[in-house]
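Colleague: A single structure is presented below for examination.
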Amino acid sequence: MSAFEFFFSFYGLLLGLSVAELVGGFARVLHERHRVRFGWLTPLLALFVAIDLVTFWNQAWVFFRGAPFNPALLLVGLVIAATFYIAASVTFPRVSAEGVETRIDLDDHFWVHRRLVFGCVLAANAIVWALLAALALADPDWAAVWSIRLIIGVGIFAVSTAVAAFAPQRRVVIAALLVVMAYTMWNMTRAAHILFASGGWSPAVGG
Numbered sequence: 318m319s320a321f322e323f324f325f326s327f328y329g330l331l332l333g334l335s336v337a338e339l340v341g342g343f344a345r346v347l348h349e350r351h352r353v354r355f356g357w358l359t360p361l362l363a364l365f366v367a368i369d370l371v372t373f374w375n376q377a378w379v380f381f382r383g384a385p386f387n388p389a390l391l392l393v394g395l396v397i398a399a400t401f402y403i404a405a406s407v408t409f410p411r412v413s414a415e416g417v418e419t420r421i422d423l424d425d426h427f428w429v430h431r432r433l434v435f436g437c438v439l440a441a442n443a444i445v446w447a448l449l450a451a452l453a454l455a456d457p458d459w460a461a462v463w464s465i466r467l468i469i470g471v472g473i474f475a476v477s478t479a480v481a482a483f484a485p486q487r488r489v490v491i492a493a494l495l496v497v498m499a500y501t502m503w504n505m506t507r508a509a510h511i512l513f514a515s516g517g518w519s520p521a522v523g524g
């Protein structure tokens with residue numbers, strides 16, 4: 318087992334719990350849909366958290382596959398994944414704990430919990446940015462990772478997420494959410510374009 322395989326067996330498990338919590342929260346809301354007003358803010362927030370989880374899974378391959386085994390890296394992975402788990406577990410309400418007759422408004426839930434969810438997502442990303450900055454100071458090859466596009470992307474993500482978390486005006490919060498979602502979807506669209514431009518993958522047939 319390589320150092321990365323050992324690290325990811327721990328880190329991937331913890332990120333997987335966040336995915337399970339997010340999907341489970343959505344499933345519980347669907348189960349109680351007769352008393353839930355969905356709106357669009359919490360579903361959009363859940364999509365944002367889900368895509369960022371995918372991004373973190375991708376970052377594990379890009380940034381950690383060459384890392385040596387070290388308990389400090391396991392601790393960093395634990396902090397990142399635990400922070401994400403908190404965000405994922407709060408994105409949807411615990412409908413079973415609300416009482417069978419209580420009506421649930423997901424837009425109201427968004428406004429009550431958006432600081433915690435956006436704040437945790439921002440904190441998890443900030444840990445990765447800090448780690449990459451430290452590596453860049455120690456190694457010129459890592460410094461090259463910080464391209465202009467990456468720096469601009471980090472700025473858009475950080476500012477939009479912070480505004481969505483802490484701005485007092487609701488219109489500003491919604492605008493920030495739409496901006497960070499547009500940036501996130503642009504990244505996913507760009508990744509899909511690269512996939513198809515490279516020929517995708519061949520079917521495993523024959524043999």
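Residues in the sequence shown are numbered consecutively from 318, following the numbering used here.
Cβ coordinates follow ideal geometry from the N, Cα and C atoms, glycine included.
DSSP has isoleucine 421 in a bridge; who is on the other side?
Modeller: Looking at the DSSP assignment, isoleucine 421 forms a beta bridge with Val353.
Colleague: Return the Cβ separation of tyrosine 500 and alanine 398 in integer angstroms, given the expectation that the two are a contact with Cβ distance under 8 Å.
Modeller: Not a contact, Cβ separation roughly 23 Å.
Colleague: I'd like the span of the alpha helix (DSSP H) that includes alanine 460, first residue to last.
Modeller: Here the alpha helix (DSSP H) through alanine 460 covers 457 to 460.
Colleague: Using CA atoms only, rank isn't needed, just tell me which of Val462, Trp518, Leu439, Arg466 is closest to alanine 481.
Modeller: For the residues Val462, Trp518, Leu439, Arg466, the minimum Cα distance to alanine 481 belongs to Leu439.
Colleague: Pick helix, strand or coil for tryptophan 446, following the three-state DSSP scheme.
Modeller: Tryptophan 446: helix per DSSP, three-state reduction.
Colleague: Between which two residues does the alpha helix (DSSP H) holding alanine 363 run?
Modeller: Segment 358 to 381, the alpha helix (DSSP H) holding alanine 363.
Colleague: Since valine 434 and alanine 475 are thought to touch, with beta carbons under 8 Å apart, how far apart are those beta carbons, to the nearest angstrom?
Modeller: Contact doesn't hold; Cβ gap of about 16 Å is too wide.
Colleague: How long is the line joining the alpha carbons of histidine 348 and proline 520, rounded to whole angstroms?
Modeller: Each residue's alpha carbon lies about 37 Å from the other.
Colleague: Buried or exposed for isoleucine 421, please, with buried defined as at least 16 other CB atoms from any protein chain shown within 10 angstroms of its CB.
Modeller: By the 10 Å Cβ count, isoleucine 421 comes out buried.
Colleague: Judging by CA-CA distance, which residue of Ala484, Val489, Asn442 is the nearest neighbour of glycine 470?
Modeller: Measuring from the Cα of glycine 470, the nearest candidate turns out to be Asn442.
Colleague: So, helix, strand or coil for alanine 484, using DSSP?
Modeller: Alanine 484: coil per DSSP, three-state reduction.
Colleague: So, is alanine 493 buried or exposed, given that buried needs 16 or more other C-beta atoms within 10 angstroms?
Modeller: Buried, because 16 or more other Cβ atoms sit within 10 Å of the Cβ of alanine 493.
Colleague: Quick one: Cα of leucine 331 to Cα of leucine 395, how far?
Modeller: In a straight line, the C-alpha of leucine 331 is about 7 Å away from that of leucine 395.
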